[in-house]
Amino acid sequence: MVLKFLTTVSKAVAAAAKFVTPHAKKDVISTTIVTTENSAIAKLEKNIELEQLKLQYIQNIDNFDWPELSQANTQELQAFIQLAENAKLQTNIDFQRWLLEQEKIIQIELLKQNYELQRELVTYQRETFLQVVEEQKRLENSPIWLVATDILNSHPGEKIMPLRVFFAPPKLIFDKFEAANNSSDFFPDLELTLGEGLRQFFRNYTTRGREIDFLAGAWVSKSFHSEASIKALFAVLKSQPTLVLESEVNGNYLNFRIAYWSLGWSKYRYDPVISKLPYQDILYESAKLRARRWLAIRAQLIATGEKTKKIDELYGGNNLINIKKLQREQKFRKAGIDISELDMNYIVNQKDFEELGKFLSIYHCIFAGLVADEYFLVEYNLPPILPELLPDLIKNLPESPEVDEMMESVILYYQKIYQALEIQRSAWIPELTLDLAQSLANLQNKVWAMTQIVNSLKYWLKSRGLSSVPEELILLLEAIESVVKAEDLEYVNKLNQCLAAIGETRQLNIMKICYKRAVSNFKDEDYLGAISDFDQAIKLNKNWVEAYYNRGFVYAEIGQEQAAINDFTQALQINENWVDAYNKRGDAFNQLGQYEQAIADYQQALKLRPDCKDARRNLGIVQGVVAEIKRQKQEETKPVSPPVQQTPKQRENKLENFVVTNEFQAHSEGVSCLAISPDGQILASGSYDDTVKLWQLSTGEEISTFTEHSDDVESVAFNSNGKILASGSYDRTIKLWQLSTGKKIRTLRGHSNDIESLAFSPNGQILASGGDDNQIKLWQVSTGNELHTLTGHSQRVWSVAFSNDGQMLASGSGDNTIKIWHLATGQEIKTLRGHSGYVSAVAFSTDGEILVSGSDDNTIKLWQLSTGLEVATLTGHSKSIWCLAVSPDDTLLSGGADNMIKIWQLSTGLEMGTLTGHALGVLAVAISPEGDFLVSGDGDGCIRVWR
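Dropping the structure here:
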């Protein structure tokens, strides 16, 4: 019977969802008055302001506007911003994840601080509200004011403020119904029935750690009802989270409204939830259903041989009358008569009122549960409870479209809450949505829980920077597997619980996922990605011997032998009989020149496995090396003739005296850029023919060619240990290459136009790039993540250079300026103006005190960094300067469109000499770390090596 009217409840829930306002305007009127009197409130307000500013910075890091703050808050905000900037530059930190975690921490801290503020306000305003209550008592002696006094005199606890629930039950006029025994006393007291139903519901609700103060009996509907009563109650209890469930009778109809306000609300919410519910129809439907059931039982009794007349006389009761009325109603309907204007006046009894009570109890509990969930979710981040209690509420209802419709409306209500929370608590939405899914999993129909799991996964992936996410669960789980890390363990554990609850057999194991991903990255030669994923696997299992071994293998592959040794040692501490680990650790010791340790490891491997060919071969090689070292030492001990003393002039090899010792056709088009490895052994060149080439510097022999760029290569740079080469191209990408293998590590994308210049920081952890999009980007080399974008130039960035201490970055631009940036903060320090043409090249002196710039205006300028003043202009070139290089002894080299390489003494600005020979301009110059090689490239693809 209830099913027929359940649609009314569904529509009411959907309508009520429109009124959800979890971030309603807080009541700030009192705080402006009391802050001068109450230091605790003033301090809390400042704390909230600070946390809100931190959140604004995290969410809008590139466009944050400083407000006016107190000195203390200014210092604390500056410290937080510095913490963020430092985290951005840390190579071992995923900055996007760091931001997300900070956002979550701040949002929870704001919740706590807001609660503390409201608690202080409750205490401060208590006397004022008590005076209002006394005035209300004088006007009307209602029990509700006694209850209000008790509430205000109670002290707010340290944990969670309870939700106060008032209950205004319907007062039905029983005389209008034809009762089975013609007595209105025969009908049950609906207030008691509903009150007991709500009491039992709240008892179950509060077992989940939420406190609800149910105040049944305090409401006197005859004298205290509707808007006036809510307004009066709000005036005295506005500091107390309150829900009022109010029903009133209007003729043959029931109206149901809810009033609600939460912590610090400046206005209450008063929703007309159900209007004109025909409660008489509910009673009559129950009476008709009894009559139909009686007909079925009557037929069964007749089948036993009982007389019909006797059966009707003994057992028929009012069912006989209701059957006749029902038959007459059906007759009228068949005749097309509209019976809505007819009062069929079915006889109702206690059972019918019990059915009505059940129906009223269901929707009272549903709305009470929804608002209670809203309160605890919005104010305390606590997950919903109602979905867990719904199965018990509707246990007597069969599966039906009406029940499904009601559930969809309930879920819509929650979705409205979450949509509003996306502003306040965006970082927590994945977890909160998963909490809802976990609660919905208690229902028989698992589709609703499945939908929320899918929503949670989408939110989670978007919060990790994935702009496009799939729709299907299986694809979402695969996407999760591609990015999940050890710190996501709590979320994944809850996700697995939800998946199991809806019957999904698939479970995510972060430890295995990270390990599998690491192995895959290693196969794809993404070595840094592999190391990062092995790190995650080891975080989750400190004794995973294979993870240590394989991470060590990767470290060895990229030349980080000491890190490899540490991992192989860790693996051997767990499994002391692992032959391969001894063999690989021996290889790492060998690479470091620690031959005795290498021999010991190879011997141990052979002891465990005498037929290990690799260990036997490697042992022989190392023993041969040790023997050769011993022989050379013996040779060194033999007496030798004293060396011939050279004069300073004989020892000195001035750059201006260099001559071409090697010249070769390196590329089919112009050589646009050059770089020499830190050990002085390898030369890298980039060209307009879209290739990067590696050469043996001393011989000019080609080592390898990289052909993955699709447009001009404009810049190449080695990192500080010479193991990684970066190349930037007009195809708008930067590629990182592993020198030991010749394989690409990764491709960096972020510039929206051609890339003109690259530079590694002195520690090799950060790569700077300048492009035709007028931007400079800073990249974390270990992860490939973009750390920061520096904006300020109005034209393309032709060149970038780091100071030797790694603290500053210089950039030269087509806007004719040089800008100096502070690396830790990304802030512009100075803008140097003086050139009349674009600045094509910049370089620092070795002590970092002088900046050199070359320009299209044919001049080179020297700048004092401490003051930003121009200290000299060098005017030896007749055309544009295209490239600069500074030697270890602060000799300056410049090349340009006039086909000349000029040598300058940086300390004096004097021209020391000119090297000639190029015919199509000098596009690039480089000098070896020892200053013994100079390399130049020109527009015809030719490279000259000078000594």
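Sequential numbering from 6 applies to the sequence shown in our numbering. Every residue gets a Cβ at the ideal spot worked out from N, C-alpha and C, and that includes glycine. Bear in mind that the values here come from a model prediction, so they are computed numbers and not experimental data.
Exercise for review: With distances taken Cα to Cα, identify the nearest neighbour of Asp585 among His798, Gly598, Tyr553.
Suggested key: The sequence position of residue 585 within the sequence shown is 580, counting from 1. Looking at the Cα atoms, Tyr553 is the closest of the given residues.
Practice item. Tell me, please, whether the segment 240-248 touches the segment 256-271 by the rule of three or more beta-carbon pairs shorter than 8 Å. Key: Yes: the two stretches touch, three or more of their Cβ pairs being nearer than 8 Å.
**Study point:** Candidates Gln832, Trp803, Thr830, Gly831: closest to Ser818 by CA position
**Key:** Here residue 818 corresponds to residue number 813 of the sequence shown, with the count starting at 1. It is Trp803.
**Study point:** Cβ separation of Ser692 and Glu674, assumed to be a contact under 8 Å, to the nearest whole Å
**Key:** By 1-based counting over the sequence shown, the position of residue 692 is 687. By 1-based counting over the sequence shown, the position of residue 674 is 669. For Ser692 against Glu674, the beta-carbon gap comes to about 6 Å, under 8 Å, which counts as contact.
Point to revise | Alpha carbon of Arg737 to alpha carbon of Ser715, nearest angstrom | key: Locating residue 737 in the sequence shown gives position 732, counting from the first residue. Locating residue 715 in the sequence shown gives position 710, counting from the first residue. When rounded, the distance between both Cα atoms is 9 Å.
Exercise for review: Compute the beta-carbon to beta-carbon distance between Asp862 and Gly842, rounded to the nearest angstrom, for a pair I have assumed lies under 8 Å.
Suggested key: Looking up residue 862 in the sequence shown gives position 857. Looking up residue 842 in the sequence shown gives position 837. Rounded to the nearest angstrom, the Cβ distance from Asp862 to Gly842 is 4 Å, consistent with a contact under 8 Å.
Review point. Shortest alpha-carbon distance to Leu928 belongs to which of Ala890, Phe938, Leu915?
Key: Here residue 928 refers to the residue found at position 923 when the sequence shown is read from its first residue. The shortest C-alpha separation from Leu928 is found at Ala890.
Check your understanding: Under the three-state reduction of DSSP, which class applies to Leu195: helix, strand or coil?
Key -> On the sequence shown, position 190 is the one that residue 195 refers to. Correct three-state label for Leu195: helix.
Check your understanding: Could you check where the beta strand (DSSP E) with Lys835 kicks off and where it finishes?
Key -> Counted from its first residue, the sequence shown places residue 835 at position 830. Where Lys835 is concerned, the enclosing beta strand (DSSP E) stretches over 832-838.
Review point. In chain order, what residues of the same chain have a beta carbon less than 6 Å from the beta carbon of Val950, not counting five sequence neighbours either side?
Key: The residue given as residue 950 occupies position 945 in the sequence shown. For Val950, where only same-chain residues beyond five positions count, the Cβ hits under 6 Å are Thr666, Asn667, Val940.
Exercise for review: Have a look at the DSSP bridge pairing and note the partners of Gln743.
Suggested key: The residue you call residue 743 lines up with position 738 of the sequence shown. According to DSSP, which records beta bridges pairwise, Gln743 is partnered with Ile729, Lys748.
Check your understanding: At what residues does the alpha helix (DSSP H) containing Tyr368 begin and finish?
Key -> As a working mapping, residue 368 is identified with position 363 in the sequence shown. Its alpha helix (DSSP H) spans residues 355-385.
Exercise for review: Tell whether a beta-carbon distance below 9 Å holds between Leu259 and Gly362.
Suggested key: Locating residue 259 in the sequence shown gives position 254, counting from the first residue. Locating residue 362 in the sequence shown gives position 357, counting from the first residue. Judged by beta-carbon spacing, Gly362 lies beyond the 9 Å limit of Leu259, meaning their Cβ atoms are not closer than that value.
Point to revise | Rounded distance between the beta-carbons of Ile906 and Val930, thought under 8 Å | key: Stepping through the sequence shown from its first residue, residue 930 is reached at position 925. Stepping through the sequence shown from its first residue, residue 906 is reached at position 901. By a beta-carbon distance limit of 8 Å, Val930 contacts Ile906. Their separation comes to about 6 Å.
**Study point:** Between the CA atoms of Ala535 and Lys654 - distance to the nearest angstrom
**Key:** Position 649 of the sequence shown, counted from the first residue, corresponds to residue 654. Position 530 of the sequence shown, counted from the first residue, corresponds to residue 535. At Lys654, the pLDDT of 36 sits below 50, so the modelled position is not reliable; the number obtained from the coordinates is stated separately. So the alpha carbons of these two residues sit roughly 53 Å apart.
Practice item. Look up Arg952 in the DSSP assignment and say whether it is helix, strand or coil. Key: Translated into positions along the sequence shown, residue 952 becomes position 947. If DSSP states are grouped into helix, strand and coil, Arg952 belongs with coil.
Exercise for review: Along the beta strand (DSSP E) that carries Asn255, what are the first and last residues, could you check?
Suggested key: Here residue 255 refers to the residue found at position 250 when the sequence shown is read from its first residue. Run containing Asn255: 247-255, per the beta strand (DSSP E) assignment.
Practice item. Return the first residue and the last residue of the alpha helix (DSSP H) that Tyr258 is part of. Key: Along the sequence shown, one-based indexing puts residue 258 at 253. Where Tyr258 is concerned, there is no enclosing alpha helix (DSSP H), although the beta strand (DSSP E) it sits in stretches over 258-266.
Practice item. Check whether the segment 730-747 touches the segment 758-772, counting contact only when three or more Cβ pairs, one atom from each stretch, lie closer than 8 Å. Key: Short answer: they touch.
Check your understanding: Do you know how far the Cα of Lys109 is from the Cα of Trp433?
Key -> Translated into positions along the sequence shown, residue 433 becomes position 428. Translated into positions along the sequence shown, residue 109 becomes position 104. For the pair Trp433 and Lys109, the Cα-to-Cα distance works out to about 6 Å.
Exercise for review: Please classify Val241: is it buried, with 16 or more other beta-carbons within 10 angstroms of its beta-carbon, or exposed?
Suggested key: Here the question's residue 241 lines up with position 236 in the sequence shown. Taking every protein chain shown into account, the CB of Val241 has 16 or more other CB atoms within 10 angstroms, so this residue is buried.
Practice item. Tell me, please, whether the segment 344-360 touches the segment 381-394 by the rule of three or more beta-carbon pairs shorter than 8 Å. Key: The answer is no - the segment 381-394 does not touch the segment 344-360, with fewer than three Cβ pairs under 8 Å.
Practice item. Run the CB neighbour count on Phe219, radius 10 Å, all protein chains shown included, and call it buried at 16 or more, exposed below. Key: Taking the sequence shown and counting its residues from 1, the one referred to as residue 219 is at position 214. Answer is buried; the Cβ neighbour count reaches 16.
Check your understanding: Between the C-alpha atoms of Ile165 and Phe100, what's the straight-line distance to the nearest angstrom?
Key -> In the sequence shown, residue 165 corresponds to position 160, counting from 1. In the sequence shown, residue 100 corresponds to position 95, counting from 1. Taking the straight line from one Cα to the other gives about 34 Å.
Point to revise | Helix, strand or coil at Leu753 [DSSP, three-state] | key: Within the sequence shown, the letter at position 748 stands for residue 753. It is a strand residue.
Point to revise | Nearest residue (CA-CA) to Glu12, options Ser709, Glu413, Glu346 | key: Start at 1 with the first residue of the sequence shown, and residue 12 comes out as number 7. The question names Glu, yet the displayed sequence has Thr at residue 12. For the options Ser709, Glu413, Glu346, the alpha carbon positioned closest to that of Thr12 is the one of Glu413.
Check your understanding: Excluding the five sequence neighbours on either side, which residues of its own chain have a C-beta within less than 7 Å of the C-beta of Glu713, listed in chain order?
Key -> To locate residue 713, count along the sequence shown from 1; it is residue 708. Only Lys740, Lys749 meet the Cβ criterion.
Practice item. Examine the Cβ distances between the segment 799-816 and the segment 751-771 and report whether three or more of them are shorter than 8 Å. Key: Yes, they touch.
**Study point:** Cα-Cα separation between Gly685 and Ser933, rounded to whole angstroms
**Key:** To locate residue 685, count along the sequence shown from 1; it is residue 680. To locate residue 933, count along the sequence shown from 1; it is residue 928. In this structure, the CA atom of Gly685 is about 5 Å from the CA atom of Ser933.
Check your understanding: Are the segment 857-872 and the segment 824-842 touching, with three or more C-beta to C-beta distances below 8 Å?
Key -> Because the criterion of three Cβ pairs below 8 Å is met, the segment 857-872 and the segment 824-842 touch.
Review point. Short check: CB of Phe337 to CB of Leu288, under 9 Å?
Key: Against the sequence shown, residue 337 aligns to sequence position 332. Against the sequence shown, residue 288 aligns to sequence position 283. Going by beta carbons, Phe337 and Leu288 fall outside the 9 Å limit.
Review point. Leaving out the 5 sequence neighbours to the left and right, which residues in its chain are closer than 7 Å to Leu199 when beta-carbon positions are compared?
Key: As a first step, residue 199 is located in the sequence shown; it is residue number 194 there, counting from the start. Excluding sequence neighbours, Leu199 sits near Pro174, Gly362, Leu365, Ser366, His369.
Practice item. Take Ser816 as the anchor and find which of Thr788, Val415, Ala846, Gly789 has the nearest alpha-carbon. Key: Locating residue 816 in the sequence shown gives position 811, where the first residue counts as 1. Of Thr788, Val415, Ala846, Gly789, the smallest CA-CA separation from Ser816 is found for Ala846.
Check your understanding: According to DSSP, is Gly591 helix, strand or coil?
Key -> Residue 591 sits at position 586 when you count from the first residue of the sequence shown. Residue state, collapsed to three classes: helix.
Review point. Pick from Ala593, Glu509, Glu495: whose alpha carbon is nearest that of Leu545?
Key: Translated into the one-based positions of the sequence shown, residue 545 becomes position 540. The residue with the shortest Cα to Cα distance from Leu545 is Glu495.
Exercise for review: Give me the Cα-Cα distance between Leu624 and Asp572, rounded to the nearest whole angstrom.
Suggested key: In the sequence shown, residue 624 corresponds to position 619, counting from 1. In the sequence shown, residue 572 corresponds to position 567, counting from 1. When rounded, the distance between both Cα atoms is 21 Å.
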